[in-house]
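K.L.:
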Amino acid sequence: MVRHIVLGNQSLLINIDQWFQVRDIYYPYVGQENHLMGHFHRIGIYTDGRLSWINEENWERKPAYKSDTLVSENWALNNELGIELLLEESVCCEDNIFLRKITIKNLQKIFREVRLFFNHDFHLYGDGVGDTAIYQMDHNVIVHYKRARYFLIGILKANNKEDMVADIDDYAIGYAEKDGLKGTYVDAEDGILSKNPVAQGSVDSTVGISLQLQGSSTEVIYYYMTAGKDFKDVYTLNDIVMELGPENLQKHTEKYQRNWVDRQRIDLSGLEPRLVDLYKRSLLTIKTQTDTNGAIIAANDSENIQFNRDTYSYMWPRDGAFVSIAMINAGFPEFTKPFFRFCKNVIWWAGCLLHKYNPDGTLGSSWLPWVTYGEPSLPIQEDETALVIHALWKYYEATGDIEFIKEVYEPLVKNAVFFMDDYKYPNDIPVESYDLWEERKGIFTFTASAVYRGLLSGEKLSRLVGDKETYKTCISRYSKLKKAILRELYDNERGIFLRGINYKNHNIKNKSLDRTVDSSVYGIFEFNLLPADEPRVIRTMRNLEQKLWVPGTGGLARYENDFYYRQEGRINSNPWLICTLWLAKWYIAKAKEIKDLEKALGLINWAADNSLETGIMPEQIDSLTGEPLSVAPLTWSHAEFVDTIIRYQKKKTQLRIKED
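Start counting the sequence shown at 1; every next residue gets the next number (UniProt numbering).
1. Taking all protein chains shown into account, do 16 or more other C-beta atoms lie within 10 angstroms of the C-beta of S216, making it buried, or fewer, making it exposed?
2. Residues in the same chain with beta-carbon distance under 8 Å from G361, minus the five sequence neighbours each way, listed in chain order, please.
3. Is it right to say N58 is buried, meaning 16 or more other beta carbons lie within 10 angstroms of its own, or is it exposed?
4. In angstroms with no decimal places, state the Cα-to-Cα distance between L156 and L87.
5. Is the beta carbon of S194 closer than 9 Å to that of E177?
6. For I485 versus I538, is the C-beta distance shorter than 9 Å?
7. Is the stretch 459 to 468 touching the stretch 542 to 558, taking contact as three or more C-beta pairs under 8 Å?
8. Tell me, please, which residues DSSP counts as bridged to E113.
9. Tell me, to the nearest whole angstrom, how far the beta carbon of H41 is from that of V22; I am working on the premise that it is less than 8 Å.
10. Name the one or two DSSP bridge partners that V371 has.
11. So, do the stretch 470 to 483 and the stretch 452 to 462 have three or more beta carbon pairs nearer to each other than 8 Å?
12. Based on Cα-Cα distance, which residue from K658, L581, L412 and S210 lies nearest to S519?
13. From the DSSP secondary-structure annotation, give me the bridge partner or partners of I45.
14. Helix or strand or just coil, what does DSSP make of K636?
15. If you check the beta carbons only, do V6 and L77 fall under 9 Å apart?
16. Let me know if Q649 comes out buried or exposed under the rule of 16 or more other beta-carbons within 10 Å of its beta-carbon.
17. Excluding the 5 residues preceding and the 5 following E254 in the sequence, name in chain order all residues of the same chain whose CB lies nearer than 7 Å to its CB.
18. Pairs of beta-carbons, one from the stretch 79 to 94 and one from the stretch 247 to 263, closer than 8 Å: are there three or more?
19. Out of E113, R258 and H123, point me to the one whose CA is closest to Q214's CA.
20. Three-state secondary structure (DSSP) at A64?
21. What do you reckon, are the CB atoms on C579 and G615 nearer than 9 Å?
22. Mind checking K483: buried by the 16 CB within 10 Å criterion, or exposed?
23. Would you report the Cα separation of L530 and T447, rounded to the nearest angstrom?
24. What three-state label does DSSP hand D562 in the structure shown?
25. Could you pull out every unbroken beta strand (DSSP E) segment of at least 3 residues lying fully inside the stretch 178 to 213, listed in chain order?
26. Can you give the Cα-Cα distance for P359 and L612, rounded to whole angstroms?
27. Which residue wins for smallest C-alpha separation from L548, given the options E598, I571 and P535?
28. Closer than 8 Å is the cut-off here; do at least three beta carbon pairs connect the stretch 182 to 196 with the stretch 164 to 174?
29. If we count Cβ pairs, one from each stretch, closer than 8 Å, do we get three or more for the stretch 221 to 239 versus the stretch 134 to 151?
30. Would you mind working out which of K182, G180 and H139 sits nearest E162, comparing C-alpha positions?
31. Drop a sphere of 10 angstroms on the beta-carbon of D643, count the other beta-carbons inside from all chains shown, and report buried for 16 or more, exposed for fewer.
32. Whose C-beta lies closer than 8 Å to the C-beta of L583 among residues of the same chain, with five residues either side of it excluded?
33. What does the alpha-carbon distance come out to for the pair E619 and D190?
34. Give me the Cα-Cα distance between D609 and K105, rounded to the nearest whole angstrom.
35. Under 9 Å between the Cβ atoms of F335 and A391?
36. Among H638, L597, P633 and E375, which one has its Cα closest to the Cα of T653?
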């Protein structure tokens with residue numbers, strides 16, 4: 001199940017599903033230590049002797065964001081109860097505080113008492129073993145804690161508080177998932193909680209607040225949660241909420257986020273408003289998926305754990321490089337500096353980046369083996385190393401920040417260049433590594449093209465710092481590599497580029513061809529090996545579109561017979577947003593007249609059409625139903641959308657100048 005609302009400040013990340021339940025809480029790293037692991041925090045309304053949780057079927061719900069912010073505008077209506085809710089939710093930009101401004105409207109014309117209940121099913125550190133929850137009377141709040149993770153919950157009936165005490169009217173702390181116990185939310189069914197003040201082990205809590213609503217009237221309350229590493233942290237943040245007021249904190253956050261996203265430097269004139277909105281939404285979403293220490297996380301939708309007992313909450317250097325390039329091109333180069341420092345710190349001693357990393361810089365889980373066919377084997381995707389160097393050059397082009405290049409040059413750039421130079425066959429083709437889909441080992445057009453681009457960038461960076469030995473190495477290597485790619489990875493029989501090749505028993509004279517049609521061969525033009533309008537590229541890309549376009553839903557699949565998230569019995573593979581946008585980039589790159597951009601714009605609109613109603617972008621969509629699949633948001637999808645819009649706008653401007 002995808003996440004419709006993501007809220008975060010690069011330290012605290014909150015994911016909310018389509019039923020307005022908090023489903024993921026990451027702290028203190030984005031993507032690491034999910035303190036819910038897909039369990040949920042729910043909201044209930046009790047009135048007229050009846051309780052209804054807003055995830056139930058008798059509620060209408062419409063998730064949304066306020067424009068150009070990471071503040072939700074989630075609307076819910078229950079005609080049977082005669083209650084309407086507006087949930088304006090945010091994570092403070094500077095402090096680890098989750099805020100909810102809740103507007104409750106009584107749709108009936110008579111006076112009513114309405115009670116709101118908030119249930120919390122924490123699994124601290126992701127396991128829910130040995131947790132403690134307490135009611136703290138001095139501040140009238142609930143605190144869940146374990147080791148160095150503390151979460152404090154309070155409710156306020158007004159923006160201003162003089163006594164520094166929350167307005168919780170009722171509470172219960174108890175056991176969940178133990179001896180058949182469901183949790184304290186069951187205690188709310190009669191509108192009254194037990195006031196049990198403590199529990200340890202597998203625990204949950206529920207807090208309540210009572211409101212007196214006149215007929216057809218509206219009231220506002222504020223729910224908040226602070227996150228810290230000890231009691232002092234969460235109580236200090238609690239004081240900030242009391243002193244400054246939740247309304248003022250949220251307005252400050254809105255203003256900051258609008259100012260931040262408006263720093264983007266691309267002329268968006270001429271784009272329809274929904275594409276402009278989605279472009280800005282993508283920038284904001286990317287920021288939520290990036291940890292303050294530099295890890296750009298692929299996705300933080302914990303529901304994926306149900307598929308393979310692992311998540312996407314890792315930093316893949318390749319994904320991070322593509323995201324960095326998009327952010328640099330959009331006018332946020334400083335945003336990417338922590339990412340390059342992260343890569344500098346984790347690069348392996350041999351000069352390559354390994355498969356993926358945890359947000360704290362430790363090595364992530366991997367299914368890539370260190371032994372293949374009885375021989376030692378590096379578990380890498382070489383494109384990940386190359387693309388980070390390519391992205392770093394983009395950073396310098398945008399900033400001229402030579403001091404930063406000097407800071408990361410020796411450990412990152414120089415080591416990577418000499419690895420890419422050494423990791424090759426005698427015919428200059430790169431040694432086998434895993435493809436960008438992490439499914440097979442071989443020599444791939446995408447990987448080889450990325451290495452070529454990484455070496456081009458390595459040459460420019462080494463010239464900057466006056467490292468003659470390294471830039472001479474780069475020149476020699478990339479010039480030979482280009483010839484080798486055009487010779488070894490081109491299918492002369494079909495006149496298109498191959499997905500890849502293999503050398504049997506490492507014998508370069510015994511080559512087998514992988515003729516599977518794969519969208520990743522777009523790398524031939526993307527990484528400047530050949531121009532987009534070169535005949536071999538044109539034939540290759542047209543073949544991709546012909547063979548991989550998904551009938552019905554549209555969009556481009558990853559490759560022929562892709563079974564990832566493909567429903568049993570389906571003929572067609574699922575279309576991916578990133579692959580469809582690669583095709584759009586090709587149409588943009590080869591356009592000679594304004595009218596040539598129409599196809600690209602259609603593909604951009606396809607990506608917009610297949611985003612969630614909140615602007616969150618999934619990885620792929622179901623080939624039959626068009627429903628979002630796998631994870632959402634996928635950070636790479638948002639980055640490709642940003643970068644494609646930038647290229648579209650720039651090319652449109654160039655062609656207009658030319659035609660004028």
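Idealized CB from N, CA, C, for every residue including glycine.
Since the structure is predicted, the reported quantities are computational estimates derived from the model, not experimental observations.
P.N.:
In short:
1. The residue given as residue 216 occupies position 216 in the sequence shown. S216 should be labelled exposed.
2. By 1-based counting over the sequence shown, the position of residue 361 is 361. Cβ neighbours of G361 beyond the five flanking positions: N293, A295, F342, N345 and V346.
3. Within the sequence shown, residue 58 is the residue found at index 58, counting from 1. The residue is exposed, with fewer than 16 neighbouring Cβ atoms inside 10 Å.
4. If you number the sequence shown from 1, residue 156 lands on position 156. If you number the sequence shown from 1, residue 87 lands on position 87. Each residue's alpha carbon lies about 15 Å from the other.
5. For the purposes of this step, residue 177 is taken as residue 177 along the sequence shown, with counting starting at 1. For the purposes of this step, residue 194 is taken as residue 194 along the sequence shown, with counting starting at 1. Not in contact: E177 and S194 (Cβ atoms no closer than 9 Å).
6. On the sequence shown, position 485 is the one that residue 485 refers to. On the sequence shown, position 538 is the one that residue 538 refers to. No, these two residues do not count as a Cβ contact at 9 Å.
7. no
8. For the purposes of this step, residue 113 is identified with residue 113 of the sequence shown, where counting begins at 1. For E113, which the question treats as bridged, DSSP gives the partners Q212.
9. Against the sequence shown, residue 41 aligns to sequence position 41. Against the sequence shown, residue 22 aligns to sequence position 22. Contact flag correct, Cβ pair sits at about 4 Å.
10. For the purposes of this step, residue 371 is taken as the residue at position 371 of the sequence shown. In DSSP, V371 forms a bridge with P376.
11. yes
12. In the sequence shown, the residue the question calls residue 519 occupies position 519. Nearest C-alpha to S519: L581.
13. As a first step, residue 45 is located in the sequence shown; it is residue number 45 there, counting from the start. According to DSSP, I45 bridges with S52 and L116.
14. Here residue 636 refers to the residue found at position 636 when the sequence shown is read from its first residue. The question names Lys, yet the displayed sequence has Trp at residue 636. In the structure shown, W636 sits in a helix (DSSP, three-state: H, G or I).
15. Here the question's residue 6 lines up with position 6 in the sequence shown. Here the question's residue 77 lines up with position 77 in the sequence shown. No.
16. Counting from one through the sequence shown, the residue named residue 649 turns up at place 649. That one is buried.
17. As a working mapping, residue 254 is identified with position 254 in the sequence shown. Excluding sequence neighbours, E254 sits near K66, T69 and V71.
18. yes
19. Reading the sequence shown from its first residue, position 214 is the one you call residue 214. When each option's Cα is compared against that of Q214, the closest is E113.
20. The sequence position of residue 64 within the sequence shown is 64, counting from 1. Residue state, collapsed to three classes: coil.
21. To locate residue 579, count along the sequence shown from 1; it is residue 579. To locate residue 615, count along the sequence shown from 1; it is residue 615. No, they are not a contact pair.
22. In the sequence shown, counting from the first residue as 1, residue 483 sits at position 483. Exposed, because fewer than 16 other Cβ atoms sit within 10 Å of the Cβ of K483.
23. For this step, residue 530 is matched to residue 530 along the sequence shown. For this step, residue 447 is matched to residue 447 along the sequence shown. Cα to Cα, L530 sits roughly 15 Å from T447.
24. Against the sequence shown, residue 562 aligns to sequence position 562. D562 falls in the coil class under three-state DSSP.
25. 198 to 201 and 203 to 213
26. The residue you call residue 359 lines up with position 359 of the sequence shown. The residue you call residue 612 lines up with position 612 of the sequence shown. Distance between the alpha carbons of P359 and L612: 26 Å.
27. If you number the sequence shown from 1, residue 548 lands on position 548. Nearest C-alpha to L548: I571.
28. yes
29. yes
30. On the sequence shown, residue 162 is found 162 positions in, with the first residue counted as 1. Of K182, G180 and H139, the residue nearest in Cα terms is H139.
31. As a working mapping, residue 643 is identified with position 643 in the sequence shown. By the 10 Å Cβ count, D643 comes out buried.
32. Taking the sequence shown and counting its residues from 1, the one referred to as residue 583 is at position 583. These residues qualify, in order along the chain: S519, Y522, M541, L544, E545, L556 and L603.
33. Stepping through the sequence shown from its first residue, residue 619 is reached at position 619. Stepping through the sequence shown from its first residue, residue 190 is reached at position 190. Cα to Cα, E619 sits roughly 42 Å from D190.
34. The residue labelled residue 609 in the question sits at position 609 within the sequence shown. The residue labelled residue 105 in the question sits at position 105 within the sequence shown. Going from the Cα of D609 to the Cα of K105 covers about 33 Å.
35. Counted from its first residue, the sequence shown places residue 335 at position 335. Counted from its first residue, the sequence shown places residue 391 at position 391. No, the pair does not count as a contact, with Cβ atoms beyond the cut-off.
36. Working through the sequence shown from its first residue, we reach residue 653 at position 653. Closest by alpha carbon: L597.
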